[in-house]
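Enquirer: Residues in the sequence shown are numbered consecutively from 3, following our numbering. Using N, Cα and C, we set each Cβ at its ideal position, and we do this for glycine too. Before we start, here is the structure in question, set down as structure tokens.
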Amino acid sequence: MKIVFMGTPDFAEESLKATYEAGHEIIGIVTNPDRPKGRGMKMLPSPVKEFAMEKNLKIFQPEKVNNNEEFINELKALNPDVICVVAYGKLLPKEILDIPPYGCINVHASLLPKYRGAAPVQWAVLNGDKTTGVTTMYMDIGMDTGDMILKQEVEIGEDETTGELWDRLKEIGGKLLVETLKQIEKGTAPREKQGEDFTVAPMLSKDMAKIDWNKKTAEEIKNLVRGLNPIMGAYTFLNDKKIKFWKVAVAGKNEIYAENMDFLRNGTVIVSDPRDGIFIKCKDGILKVLEIQGENAKRMKIQDYLRGNPIEEFEVFE
């Protein structure tokens with residue numbers, strides 16, 4: 003089939019690569035404009051654009067798609083059989099949705115109707131879910147509200163981070179898109195309406211990254227840390243210095259013995275040992291820190307950090 007592909011990050015690149023290697027004719031690539039990145043704020047192309055340039059595919063980079071008549075007319079002129087949309091980041095107007103005879107197909111990283119929205123992978127980890135998956139669907143004018151085609155469920159590892167889950171799901175997404183296109187071409191693709199029992203996965207905000215020692219349990223803090231890894235990292239303060247936690251665990255009942263903890267504030271270091279690391283009292287449970295990053299420093303294992311940056315018992319993370 004003749005395909006226009008719309009997407010931006012590496013998650014989308016994997017689906018583009020799978021579609022290209024399946025032998026479909028990619029007649030156009032639509033991706034976000036180049037953005038400044040890194041310390042030098044150099045203008046860099048998206049992963050999808052990099053793949054398109056490598057394969058010498060036609061590239062479009064509109065700043066907006068809604069009410070962009072010039073761009074919409076260009077899409078119409080391409081006359082695609084289907085438009086594939088993966089992590090593009092923009093809602094498509096009906097005028098674009100109506101262009102391809104086989105419709106616009108989206109790859110979404112959740113088991114719809116759960117986690118409609120921009121950050122389904124992150125919220126699955128943040129909420130401590132045990133399973134998630136990938137759904138392909140026919141797009142409509144709503145946000146991830148279209149009829150579902152195929153689904154694949156996966157288990158989330160107990161210590162799996164957003165970054166690790168993202169890498170697994172992007173490969174699944176590519177394979178599921180290829181299978182979806184195969185079934186659409188054969189006329190065997192199922193079509194299932196979504197129920198009304200949906201949840202939303204909004205964009206993450208920077209203020210949610212600060213650990214609230216008084217409100218969150220050890221398990222909830224662990225989910226926060228792995229849910230924000232590697233996006234921004236969960237942080238706290240010690241002696242007015244910003245500290246990021248990149249990997250933590252909930253301490254087992256036999257792992258640490260501490261008496262009379264009830265009078266201690268949440269966030270108090272109850273054990274600090276260069277060999278075993280630090281253990282912190284939480285609202286419920288004890289948090290063991292495994293990877294840490296000091297202010298203006300690189301991330302490292304807690305044992306390495308403590309050798310150069312001692313943390314005393316009964317100090318309090320704020």
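1. Since residue 196 contacts residue 114 with CB under 8 Å, what's their CB separation in whole angstroms?
2. Taking Cβ to Cβ, would you say residue 121 is nearer than 8 Å to residue 11?
3. Measuring alpha carbon to alpha carbon, tell me which of 172, 160, 94 ends up nearest residue 110.
4. Tell me which residues share the same chain as residue 53 and place their Cβ nearer than 7 Å to its Cβ, disregarding the 5 neighbours each side in the sequence.
5. Determine the DSSP secondary structure at residue 237, reduced to helix, strand or coil.
6. Given 8 Å as the limit, is there contact between the region 33 to 51 and the region 61 to 81, that is, 3 or more CB pairs closer than that?
7. Using the three-state DSSP reduction, which class does residue 101 fall into: helix, strand or coil?
8. Taking 8 Å as the limit between beta carbons, can you name the residues of its chain near residue 98, skipping five residues before and five after?
9. Among 226, 221, 243, 129, which residue has its Cα nearest to the Cα of residue 235?
10. Around the C-beta of residue 34, are 16 or more other C-beta atoms found within 10 angstroms, so that it is buried, or is it exposed?
11. Could you name each continuous alpha helix (DSSP H) segment of 4 residues or more that falls completely within the region 182 to 258, going from the start of the chain to the end?
12. Count the other CB atoms within 10 Å of the CB of residue 118; is the residue buried (16 or more) or exposed (fewer)?
13. Which runs of the beta strand (DSSP E) at least 3 residues long sit entirely within the region 118 to 163? Give them in chain order.
14. If you draw a straight line from the C-alpha of residue 152 to the C-alpha of residue 123, how long is it?
15. Going by alpha carbons, who is nearest to residue 249 out of 170, 295, 315, 217?
16. Taking the C-alpha atoms as reference points, what is the distance between residue 275 and residue 308?
17. On the premise that residue 93 lies in contact with residue 145, defined as a C-beta separation below 8 Å, what is that separation, rounded to the nearest angstrom?
18. In the DSSP output, what is residue 63 paired with across the bridge?
19. Taking the beta carbon of residue 265 as the centre, do at least 16 other beta carbons fall within 10 Å, making it buried, or is it exposed?
20. So, helix, strand or coil for residue 296, using DSSP?
21. Using only the alpha-carbon positions, how far apart do residue 217 and residue 167 sit?
22. Name the two residues that bound the continuous alpha helix (DSSP H) containing residue 277.
23. Measuring straight from C-alpha to C-alpha, what distance separates residue 72 and residue 233?
24. Tell me, to the nearest whole angstrom, how far the beta carbon of residue 220 is from that of residue 272; I am working on the premise that it is less than 8 Å.
25. DSSP beta-bridge partners for residue 30?
26. Using the C-alpha atoms, what's the distance from residue 280 back to residue 318?
27. Under 8 Å between the Cβ atoms of residue 6 and residue 80?
28. Just to confirm my understanding: we take residue 130, look at its own chain, exclude 5 residues before and 5 after, and list those with CB closer than 6 Å. What are they?
29. The beta strand (DSSP E) that contains residue 107, what's its start and end?
30. When the Cα atoms are used, what is the spatial distance from residue 323 to residue 299?
31. State the Cα-Cα distance for the pair residue 135 and residue 178, rounded to the nearest angstrom.
32. Quick check: is any heavy atom of the ligand NAD less than 7 Å from the C-beta of residue 280?
33. List the whole-angstrom C-beta distance separating residue 2 from residue 132, where the pair is believed to meet the contact cut-off of C-beta under 8 Å.
Expert: Let's see:
1. Position 194 of the sequence shown, counted from the start, is the residue given in the question as residue 196. Position 112 of the sequence shown, counted from the start, is the residue given in the question as residue 114. Taking 8 Å as the upper bound for CB-CB distance, residue 196 and residue 114 are in contact here, some 6 Å apart.
2. Taking the first residue of the sequence shown as position 1, residue 121 is located at position 119. Taking the first residue of the sequence shown as position 1, residue 11 is located at position 9. Not in contact: residue 121 and residue 11 (Cβ atoms no closer than 8 Å).
3. Position 108 of the sequence shown, counted from the first residue, corresponds to residue 110. Residue 172 is the option with its Cα nearest to residue 110.
4. For the purposes of this step, residue 53 is taken as residue 51 along the sequence shown, with counting starting at 1. Closer than 7 Å at the Cβ level, and outside the excluded window around residue 53, lie 15, 18, 19.
5. Locating residue 237 in the sequence shown gives position 235, counting from the first residue. In this structure, residue 237 counts as strand in the three-state DSSP scheme.
6. Taking a cut-off of 8 Å for Cβ pairs, the region 33 to 51 and the region 61 to 81 touch, as three or more such pairs fall below it.
7. Counting from 1 along the sequence shown, the entry for residue 101 is found at position 99. Looking at residue 101 - three-state DSSP - the assignment turns out to be coil, as it is neither helix nor strand.
8. Reading the sequence shown from its first residue, position 96 is the one you call residue 98. Here the set comprises 67, 74, 77, 85, 106.
9. Counted from its first residue, the sequence shown places residue 235 at position 233. Residue 235 has its Cα closest to that of 226, out of 226, 221, 243, 129.
10. As a first step, residue 34 is located in the sequence shown; it is residue number 32 there, counting from the start. By the 16-neighbour rule on beta-carbons within 10 angstroms, residue 34 is buried.
11. Annotation: the region 182 to 258 contains the following complete segments of the alpha helix (DSSP H) (minimum length 4 residues), in chain order: 220 to 229.
12. On the sequence shown, residue 118 is found 116 positions in, with the first residue counted as 1. Residue environment: residue 118 is assigned as buried (16 or more neighbouring CB atoms within 10 Å of its CB, all protein chains considered).
13. Counting whole runs of 3 or more residues, the region 118 to 163 contains the beta strand (DSSP E) stretches 133 to 140, 150 to 157.
14. Within the sequence shown, the letter at position 150 stands for residue 152. Within the sequence shown, the letter at position 121 stands for residue 123. Going by the C-alpha atoms only, they are around 18 Å apart.
15. The sequence position of residue 249 within the sequence shown is 247, counting from 1. Put simply, of 170, 295, 315, 217 the residue whose alpha carbon is nearest the alpha carbon of residue 249 is 295.
16. Looking up residue 275 in the sequence shown gives position 273. Looking up residue 308 in the sequence shown gives position 306. Straight-line Cα distance between these residues: approximately 8 Å.
17. Working through the sequence shown from its first residue, we reach residue 145 at position 143. Working through the sequence shown from its first residue, we reach residue 93 at position 91. Contact flag correct, Cβ pair sits at about 6 Å.
18. Start at 1 with the first residue of the sequence shown, and residue 63 comes out as number 61. For residue 63, DSSP records no beta bridge to any residue.
19. In the sequence shown, counting from the first residue as 1, residue 265 sits at position 263. Residue environment for residue 265: exposed (fewer than 16 other C-beta atoms within 10 angstroms of its C-beta).
20. By one-based count along the sequence shown, residue 296 stands at place 294. Secondary structure of residue 296 (DSSP, three-state): coil.
21. Counting from 1 along the sequence shown, the entry for residue 217 is found at position 215. Counting from 1 along the sequence shown, the entry for residue 167 is found at position 165. Their backbone Cα atoms lie some 27 Å apart in a straight line.
22. Along the sequence shown, one-based indexing puts residue 277 at 275. For residue 277, no alpha helix (DSSP H) segment is defined, and its DSSP state is neither H nor E.
23. Within the sequence shown, residue 72 is the residue found at index 70, counting from 1. Within the sequence shown, residue 233 is the residue found at index 231, counting from 1. Using only the alpha carbons, I get a separation of about 35 Å.
24. Here the question's residue 220 lines up with position 218 in the sequence shown. Here the question's residue 272 lines up with position 270 in the sequence shown. About 12 Å separates the Cβ atoms of residue 220 and residue 272, ruling out a contact at the 8 Å cut-off.
25. Here residue 30 refers to the residue found at position 28 of the sequence shown. Answer is 6, bridged to residue 30.
26. Within the sequence shown, numbered from 1, the residue matching residue 318 stands at position 316. Within the sequence shown, numbered from 1, the residue matching residue 280 stands at position 278. Per the coordinates, the alpha-carbon of residue 318 lies some 12 Å from the alpha-carbon of residue 280.
27. Looking up residue 6 in the sequence shown gives position 4. Looking up residue 80 in the sequence shown gives position 78. Result yes, Cβ atoms of residue 6 and residue 80 sit closer than 8 Å.
28. For the purposes of this step, residue 130 is identified with residue 128 of the sequence shown, where counting begins at 1. Excluding sequence positions up to five before and after residue 130, its CB lies within less than 6 Å of the CB of 225, all in the same chain and listed in chain order.
29. Within the sequence shown, numbered from 1, the residue matching residue 107 stands at position 105. From DSSP, the beta strand (DSSP E) with residue 107 extends over 106 to 110.
30. Since the first and last residues shown for the chain are 3 and 320, residue 323 lies out of range.
31. Walking along the sequence shown from the start, residue 135 turns up at place 133. Walking along the sequence shown from the start, residue 178 turns up at place 176. Cα-Cα distance, rounded: 11 Å.
32. What this structure holds is no ligand at all, so the ligand NAD is not there to describe.
33. Outside the displayed range of the chain (3 to 320) lies residue 2, so it cannot be described from this structure.
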